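So the protein lines, in turn, are chains A and B. Mapped onto my numbering, the consecutive letters of the first sequence carry residue numbers 17 to 608. Mapped onto my numbering, the consecutive letters of the second sequence carry residue numbers 12 to 412.
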Amino acid sequence: MKLEKWLPAAAGAVAILAVLYAVKAPPKVRGLDLDAFGHLPVLEGGRVKPIDSLARNTLLVIRSQQSFAFQGRTVKADEWLLDTLFRPQVADEQPIFVIDDPEVLALFGLQQSRNRYYSFKELRPRIEELEKQAQAAGRLDAKQRTRFQAAAVNLSERVYLYWRLQNTVQVVGSPGLMAELATAGSPESAERARYLSQMAHFRPLPPLSGQPVEAWKSVGEALSQKEPHPGLTTLARLANAYTFSDAQGFNQAVGELRKLGAAWPDLASKASQELYFNRIQPFLAGIVIYVMALLLVFVSWIWKPQILQPTSFALLSAGALVHTLGLAYRIILQGRPPVTNLYSSAVFVGWGAVVLGVILEWVYRKGFGTAVAAATGIGSLIVAHNLANDGDTMEMMRAVLDSNFWLGTHVITITIGYSGTYLAGAIAIAWALRRHIVKDPDPATSKALYGATYGIICFSVFFSFLGTVLGGIWADQSWGRFWGWDPKENGALLIVLWNAIILHARWGGFARERGIMTMAIFGNVITSLSWFGVNMLGVGLHSYGFMDKAFWALAGFSASQIALMGVALLPPRFWQPGAFAAEQQKAGAGTR
Amino acid sequence: MNSLDPKKWAHQLLDVLTSLKLTILCLAMLIVLVVACTLAQVQLGTWGAVEIYMRSWLVWVDLPGGERHVPVMPGGALVGLVLAANLLVAQLRRLELSWKKVGLWITHAGLILLVAGEFVSAAFQVEHQLVFEEGQTVGYVEHRQQQELAIVDASDPAVDDVHAIPQGVLGRRSEIPLAGTPITLRVHGYFRNAQLRNRGPADPPAPATAGIGPMVTALELPVESRDDRMNTVAAWVEPVAAGRSLGVWMVSNALSAPQAFTWEGRSYQLLMRPAREYLGYSMTLKKFSHDRYPGTEIPKNFSSLVRLQDKGRGEDRDVLIYMNQPLRYRGKTFYQASFGKGDTLSILQVVENPGWLMPYASTVLVTVGLLVHFAISLRRSMKRRDAGAAATPKQPQTQGA
Numbered sequence: 017m018k019l020e021k022w023l024p025a026a027a028g029a030v031a032i033l034a035v036l037y038a039v040k041a042p043p044k045v046r047g048l049d050l051d052a053f054g055h056l057p058v059l060e061g062g063r064v065k066p067i068d069s070l071a072r073n074t075l076l077v078i079r080s081q082q083s084f085a086f087q088g089r090t091v092k093a094d095e096w097l098l099d100t101l102f103r104p105q106v107a108d109e110q111p112i113f114v115i116d117d118p119e120v121l122a123l124f125g126l127q128q129s130r131n132r133y134y135s136f137k138e139l140r141p142r143i144e145e146l147e148k149q150a151q152a153a154g155r156l157d158a159k160q161r162t163r164f165q166a167a168a169v170n171l172s173e174r175v176y177l178y179w180r181l182q183n184t185v186q187v188v189g190s191p192g193l194m195a196e197l198a199t200a201g202s203p204e205s206a207e208r209a210r211y212l213s214q215m216a217h218f219r220p221l222p223p224l225s226g227q228p229v230e231a232w233k234s235v236g237e238a239l240s241q242k243e244p245h246p247g248l249t250t251l252a253r254l255a256n257a258y259t260f261s262d263a264q265g266f267n268q269a270v271g272e273l274r275k276l277g278a279a280w281p282d283l284a285s286k287a288s289q290e291l292y293f294n295r296i297q298p299f300l301a302g303i304v305i306y307v308m309a310l311l312l313v314f315v316s317w318i319w320k321p322q323i324l325q326p327t328s329f330a331l332l333s334a335g336a337l338v339h340t341l342g343l344a345y346r347i348i349l350q351g352r353p354p355v356t357n358l359y360s361s362a363v364f365v366g367w368g369a370v371v372l373g374v375i376l377e378w379v380y381r382k383g384f385g386t387a388v389a390a391a392t393g394i395g396s397l398i399v400a401h402n403l404a405n406d407g408d409t410m411e412m413m414r415a416v417l418d419s420n421f422w423l424g425t426h427v428i429t430i431t432i433g434y435s436g437t438y439l440a441g442a443i444a445i446a447w448a449l450r451r452h453i454v455k456d457p458d459p460a461t462s463k464a465l466y467g468a469t470y471g472i473i474c475f476s477v478f479f480s481f482l483g484t485v486l487g488g489i490w491a492d493q494s495w496g497r498f499w500g501w502d503p504k505e506n507g508a509l510l511i512v513l514w515n516a517i518i519l520h521a522r523w524g525g526f527a528r529e530r531g532i533m534t535m536a537i538f539g540n541v542i543t544s545l546s547w548f549g550v551n552m553l554g555v556g557l558h559s560y561g562f563m564d565k566a567f568w569a570l571a572g573f574s575a576s577q578i579a580l581m582g583v584a585l586l587p588p589r590f591w592q593p594g595a596f597a598a599e600q601q602k603a604g605a606g607t608r
Numbered sequence: 012m013n014s015l016d017p018k019k020w021a022h023q024l025l026d027v028l029t030s031l032k033l034t035i036l037c038l039a040m041l042i043v044l045v046v047a048c049t050l051a052q053v054q055l056g057t058w059g060a061v062e063i064y065m066r067s068w069l070v071w072v073d074l075p076g077g078e079r080h081v082p083v084m085p086g087g088a089l090v091g092l093v094l095a096a097n098l099l100v101a102q103l104r105r106l107e108l109s110w111k112k113v114g115l116w117i118t119h120a121g122l123i124l125l126v127a128g129e130f131v132s133a134a135f136q137v138e139h140q141l142v143f144e145e146g147q148t149v150g151y152v153e154h155r156q157q158q159e160l161a162i163v164d165a166s167d168p169a170v171d172d173v174h175a176i177p178q179g180v181l182g183r184r185s186e187i188p189l190a191g192t193p194i195t196l197r198v199h200g201y202f203r204n205a206q207l208r209n210r211g212p213a214d215p216p217a218p219a220t221a222g223i224g225p226m227v228t229a230l231e232l233p234v235e236s237r238d239d240r241m242n243t244v245a246a247w248v249e250p251v252a253a254g255r256s257l258g259v260w261m262v263s264n265a266l267s268a269p270q271a272f273t274w275e276g277r278s279y280q281l282l283m284r285p286a287r288e289y290l291g292y293s294m295t296l297k298k299f300s301h302d303r304y305p306g307t308e309i310p311k312n313f314s315s316l317v318r319l320q321d322k323g324r325g326e327d328r329d330v331l332i333y334m335n336q337p338l339r340y341r342g343k344t345f346y347q348a349s350f351g352k353g354d355t356l357s358i359l360q361v362v363e364n365p366g367w368l369m370p371y372a373s374t375v376l377v378t379v380g381l382l383v384h385f386a387i388s389l390r391r392s393m394k395r396r397d398a399g400a401a402a403t404p405k406q407p408q409t410q411g412a
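Have a look at this one:
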């Protein structure tokens, strides 16, 4: 068979198989079956999840990563959680606290260096000082805190989370859960049980048969009960086995705990499904595939286009498939429409843009559909990846948001509007760069790009408008105001207005190809401001700290788009002598 | 030639009013206003910023140092009106009445309705609150920001005789007769917002001569527009009957101590309270529920189980008001808004907007209009593509279905 026939299909298949390979269980560490441990269902944040999710999300909050290097090897989240729970003296040495703020570092007598990660042991001597600073800052409104204060509050919250985690199963410094069970009933033991139920970060003990499905118990609560929970002794054995590296005992205890959880087969199987989702990380895999597609399409423009262009398209399609399945998996796991928070909106915006791009490429077959779709997909998934640092991305919905109907209509349409506006902006950028890079751009491709941009802007104006007014109708349904001039509503309105201006400028003939393309690039700025900018306004434009990074990222992105608008406005190949004169001549000829 | 020809002028004006450039200018102005209004909300609160930028004909700015303020740009109301006029006139004058343009006709009609709806809301929407505890029956709703001076004659144990004077009337009129009584109120002073404090020895003499007023000094403050802050209204009134003064009384919503004057054996209570609107029916809070997700403080749902009794209409039934599920009854809509007192008190937001259906109709119109228009354009460009393909040889011609 010919190379151009089978290479695209092979590339796509390899990409998908590589993604699926990640489901494979990780190897045992010191003989411990961490895979089975990860499946254990627990209740945290109002929902039942695999303990693997809890471990990953907590480590993500504390360290901004799901694993770390320690003593020459990689420690994954599950193992870190076990150490934190049962071997606090080991966990305290692991560098898990990411600290970027130089003034907070100074508080601990540390100097900023290339190392951004610190262990609890390093922080412990000055932890009281941190608490004092954080408490003082906590009295202020979040808007009024200085950069240092915001960072101090943030670190103290992470330290407290770590402390709660350590005191979820057994009190740090006590002889452990086994001893606790032996001395049950003594006043000191009751005191410790109370402390445990106060601190518990999650609830590991499933409800017994006959109890309501919400009746998960923390260790402290179970210890305070008259009738001991059967899971307590198993958990105690697991703790002992892990502390003393008894792999066989550990694996046996995990097996028994899984049997206990299996009394709720729906919850247990859902927890397992979520674990596989965690392993596949489809959106991270999507980034990798899109990057490969983008690089390949660049290469295809200078070398072997007839083979590489279809291959890059196949990779893009494979990425889109992984992205789509990831979204579908999330929808099933959560039982909700795809967009429930800022994180999932970024995933969905990328998805919408990629799907539109796949259609474009299908129609035009010139490679630019692949390029802009891959670029938009990469950008939005990276944004999503950074937004995931807040912890659980499948958190429960607060009361007023708890409406699948409105999440499924208003939120979806408005996010599709974002996708369209970004894709139009991306095509316009491609159009602008192409004018400067390609020596003799053929007018047909320019025209195709222009036509695609116009069509997508029509598409976006429709979805942005519909999404905005559906939001108004939701507001009317839930608090009686169709339009409240709320910042988020205003942001949505800005996108509609801007796209409407572009369309009217085209219909009136006030802007031609170049003008429309320049305006389309500015659509990126408007959409980003309305998507993220208004959220920062809520926190306060002058608040620093955690939102600081996002603020500068947004400012940087907007500046880059405005620079690209300048590039779009310059005459083609403006660095060549005579480019401006030629442009003027052409314009003169046009008016005559 | 004759630049003063009124016909020509009218023509030119019509040209301007129907031009697409004016449309774009209005849209651009709206963008500026929306951005300014959004940023201003950080300082002024939502409704304060909306009053300045959106619900105004002109946006005024204070000149530094002076008392003067000057208009710097048209406000949202003016831009909205011009945009609606532009849409309407351009539609009638320029766009031909053909099936090709039917999508635009529908879209623009919907947009005019949307703008009109916002004008109706700005003019007629009234918001109240209904606050009740479990077991309590309430037959009125209260305004959140507006106060009223209530003069209550509670001499009849069966029925209270209430005279309510809205705070605006206190500011406008100096003499207010109380209908059905021989008493007339003279208004000596009125602050829309004030700070009250105990009178110190250095303070100027108090205008009040009776009640708690002589011991209180009020300092006038600028009016608060932020939704989350309350204004303290203060006024000095002198009830006069048969030419005799019954003392000058200070009234304020910040004074909780009861004050009353007596005339001809009847005692009249003076109360500054949130302005009330009587419903003509009653609502009883049977149960308020605040559900949380297990093991967290994340709210899952708020709901009020309410007994609605309307003797006039023979209604007596239970209704459950919860998130995204309001009660619509006799032109008012009751929403679950807030709660308090350890989850035994419920606060409902009560909204009355005669134009509430306009945005719904407009949404349907614009959506259908855009779909129709884009479908027509798409079909036309497909035809053009096919025609182009047909012009090149060897391509089989397919006519768009």
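Cβ atoms here follow ideal geometry from the backbone N, Cα and C, with glycine treated the same way. Values in this document were obtained by computation on a predicted structure and should not be read as measured data.
(1) Any beta carbon from chain B within less than 8 Å of Pro230(A)'s own beta carbon?
(2) Asn540(A): buried (16+ other C-beta within 10 angstroms of its C-beta) or exposed?
(3) Consider the Cβ of Asp502(A): report whether some Cβ of chain B lies at a distance smaller than 8 Å.
(4) Return helix, strand or coil for Leu139(A), following the three-state DSSP convention.
(5) Strictly under 8 Å for the Cβ-Cβ distance: is Met533(A) near chain B by that measure?
(6) For a test of the three-state rule: what should DSSP assign to Ser278(B), helix, strand or coil?
(7) Can you pull the chain B residues whose beta carbon is under 7 Å from the beta carbon of Leu59(A), in chain order?
(8) Using DSSP with H/G/I as helix, E/B as strand and the rest coil, what is Met84(B)?
(9) Considering only C-alpha positions, which residue in the set Gly441(A), Phe548(A), Ala238(A) is nearest to Val399(A)?
(10) For Pro370(B) and Ser360(A), I'd like the C-alpha separation in whole angstroms.
(11) So, for Gln186(A): in the same chain, excluding its five sequence neighbours on each side, which residues have a beta-carbon less than 7 Å away from its beta-carbon?
(12) Just reading off the beta strand (DSSP E) that Pro193(B) is part of, what are its end residues?
(13) Please check if any C-beta of chain B sits within less than 8 Å of the C-beta of Gly368(A).
(14) Which residues in chain B have a C-beta closer than 8 Å to the C-beta of Leu510(A)? List them in chain order.
(15) Below 8 Å between beta carbons: does that hold for Ala213(A) and Glu237(A)?
(16) First and last residue of the beta strand (DSSP E) that includes Leu545(A)?
(17) Listed from N- to C-terminal order along the chain, which residues in the segment 376–396 of chain A have their beta-carbon within a distance smaller than 9 Å of any beta-carbon of chain B?
(18) State the Cα-Cα distance for the pair Ala168(A) and Leu358(A), rounded to the nearest angstrom.
(19) Within the continuous alpha helix (DSSP H) that includes Ser69(A), where are the two ends?
(20) Look up Phe562(A) in the DSSP assignment and say whether it is helix, strand or coil.
(21) Classify Thr4(B) as helix, strand or coil using the three-state DSSP reduction.
(22) Which whole-angstrom value describes the C-beta separation of Leu332(A) and Ala362(A), a residue pair presumed to lie in contact below a C-beta threshold of 8 Å?
(23) Return the CA-CA distance between Asn242(B) and Gln156(B), expressed in angstroms with no decimal places.
(24) I'd like to confirm the pairing. Which residues does DSSP put opposite Lys233(A) in its beta bridges?
(25) For the segment 519–547 of chain A, which residues have a CB atom closer than 8 Å to at least one CB atom of chain B, in sequence order?
(26) Taking Gly366(A) and Ile430(A) to be in contact with their CB atoms under 8 Å, please state how far apart those CB atoms are, rounded to whole angstroms.
(27) Could you tell me which whole beta strand (DSSP E) segments of length 3 or greater appear in the segment 332–381 of chain B?
(28) Whole angstroms is fine: what's the gap from Leu44(B)'s alpha carbon to Leu19(A)'s?
(29) What separation, rounded to the nearest whole angstrom, lies between the Cα atoms of Ser315(B) and Ala161(B)?
(30) So with Cβ pairs under 8 Å, would you call Asn312(B) a contact of chain A?
(31) Whose C-beta lies closer than 8 Å to the C-beta of Pro218(B) among residues of the same chain, with five residues either side of it excluded?
(32) Of the residues that make up the segment 62–82 of chain A, which ones have a beta carbon closer than 8 Å to any beta carbon in chain B?
(33) Just how far apart, CA to CA, sit Val307(A) and Leu75(A)?
(34) State yes or no: is the C-beta of His174(B) within less than 8 Å of the C-beta of Glu153(B)?
(35) I need the DSSP call for Arg240(B), collapsed to helix, strand or coil.
(36) Could you give the first and the last residue of the continuous alpha helix (DSSP H) run that contains Ala252(B)?
Quick answer:
(1) Along the first sequence, one-based indexing puts residue 230(A) at 214. Reading off the sequence shown, one finds Glu at residue 230(A), where the question assumed Pro. At least one chain B Cβ lies under 8 Å of Glu230(A).
(2) Reading the first sequence from its first residue, position 524 is the one you call residue 540(A). Counting other Cβ atoms within 10 Å of its Cβ, Asn540(A) reaches 16 or more and is therefore classed as buried.
(3) As a first step, residue 502(A) is located in the first sequence; it is residue number 486 there, counting from the start. So yes, Asp502(A) belongs to the interface.
(4) Taking the first sequence and counting its residues from 1, the one referred to as residue 139(A) is at position 123. If DSSP states are grouped into helix, strand and coil, Leu139(A) belongs with the helices.
(5) To locate residue 533(A), count along the first sequence from 1; it is residue 517. The Cβ of Met533(A) sits no closer than 8 Å to any Cβ of chain B.
(6) As a working note, residue 278(B) is residue 267 in the second sequence. Strand at Ser278(B).
(7) Counted from its first residue, the first sequence places residue 59(A) at position 43. The contacting residues are Pro305, Gly306.
(8) Position 73 of the second sequence holds residue 84(B). Met84(B) falls in the strand class under three-state DSSP.
(9) Within the first sequence, the letter at position 383 stands for residue 399(A). Residue Phe548(A) is the option with its Cα nearest to Val399(A).
(10) To locate residue 370(B), count along the second sequence from 1; it is residue 359. To locate residue 360(A), count along the first sequence from 1; it is residue 344. One C-alpha to the other measures close to 29 Å.
(11) Indexing the first sequence from 1 puts residue 186(A) at position 170. Contacts found: Gly192, Leu193, Glu196, Ala255.
(12) In the second sequence, the residue the question calls residue 193(B) occupies position 182. Pro193(B) -> no beta strand (DSSP E), and no H or E assigned at all.
(13) Residue 368(A) sits at position 352 when you count from the first residue of the first sequence. No - not a single Cβ of chain B is within 8 Å of the one on Gly368(A).
(14) Locating residue 510(A) in the first sequence gives position 494, where the first residue counts as 1. Simply Ile42, Val45, Val46.
(15) If you number the first sequence from 1, residue 213(A) lands on position 197. If you number the first sequence from 1, residue 237(A) lands on position 221. Looking at the sequence shown, residue 213(A) is not Ala but Ser. Result yes, Cβ atoms of Ser213(A) and Glu237(A) sit closer than 8 Å.
(16) The residue given as residue 545(A) occupies position 529 in the first sequence. That residue, Leu545(A), is in no beta strand (DSSP E); it is neither H nor E in DSSP.
(17) Of all residues in the segment 376–396 of chain A, none places a beta-carbon less than 9 Å from a beta-carbon of chain B.
(18) The residue you call residue 168(A) lines up with position 152 of the first sequence. The residue you call residue 358(A) lines up with position 342 of the first sequence. Taking the Cα positions, Ala168(A) is about 25 Å away from Leu358(A).
(19) By one-based count along the first sequence, residue 69(A) stands at place 53. 67–79 is the extent of the alpha helix (DSSP H) around Ser69(A).
(20) Translated into the one-based positions of the first sequence, residue 562(A) becomes position 546. With a pLDDT of 43 at Phe562(A), under the threshold of 50, the modelled position of that residue is not reliable, and the figure given next carries that caveat. If DSSP states are grouped into helix, strand and coil, Phe562(A) belongs with the helices.
(21) Residue coverage of chain B in this structure runs from 12 to 412, which leaves residue 4(B) outside it and unanswerable.
(22) Taking the first sequence and counting its residues from 1, one reaches residue 332(A) at position 316. Taking the first sequence and counting its residues from 1, one reaches residue 362(A) at position 346. That belief does not hold up - the Cβ atoms of Leu332(A) and Ala362(A) are roughly 19 Å apart, past 8 Å.
(23) Locating residue 242(B) in the second sequence gives position 231, where the first residue counts as 1. Locating residue 156(B) in the second sequence gives position 145, where the first residue counts as 1. C-alpha of Asn242(B) to C-alpha of Gln156(B): approximately 7 Å in a straight line.
(24) As a first step, residue 233(A) is located in the first sequence; it is residue number 217 there, counting from the start. Bridge partners of Lys233(A): Leu221(A).
(25) Residues His520, Ala521, Trp523, Gly524, Phe526.
(26) In the first sequence, the residue the question calls residue 366(A) occupies position 350. In the first sequence, the residue the question calls residue 430(A) occupies position 414. Wrong, their Cβ atoms sit about 15 Å apart, outside the cutoff.
(27) 338–340, 343–351, 356–363, all fully within the segment 332–381 of chain B.
(28) Your numbering for residue 44(B) matches position 33 in the second sequence. Your numbering for residue 19(A) matches position 3 in the first sequence. Just so you know, the alpha carbons of Leu44(B) and Leu19(A) end up roughly 58 Å apart.
(29) For the purposes of this step, residue 315(B) is identified with residue 304 of the second sequence, where counting begins at 1. For the purposes of this step, residue 161(B) is identified with residue 150 of the second sequence, where counting begins at 1. Each residue's Cα considered, the two are about 29 Å apart.
(30) In the second sequence, the residue the question calls residue 312(B) occupies position 301. Asn312(B) counts as touching chain A.
(31) Here residue 218(B) corresponds to residue number 207 of the second sequence, with the count starting at 1. If we look at Pro218(B) and ignore the five residues flanking it on each side, its Cβ neighbours are His199, Gly200, Gly224, Trp247, Val259, Met261.
(32) Against chain B - using a Cβ distance shorter than 8 Å - the residues of the segment 62–82 of chain A are Gly62, Arg63.
(33) Here the question's residue 307(A) lines up with position 291 in the first sequence. Here the question's residue 75(A) lines up with position 59 in the first sequence. So the two alpha carbons sit approximately 27 Å from each other.
(34) In the second sequence, residue 174(B) corresponds to position 163, counting from 1. In the second sequence, residue 153(B) corresponds to position 142, counting from 1. In terms of Cβ geometry, His174(B) and Glu153(B) do not form a close pair [threshold 8 Å].
(35) Your numbering for residue 240(B) matches position 229 in the second sequence. It is coil, neither helix nor strand.
(36) Taking the second sequence and counting its residues from 1, the one referred to as residue 252(B) is at position 241. Careful: Ala252(B) lies outside any alpha helix (DSSP H), inside the beta strand (DSSP E) at 245–252.
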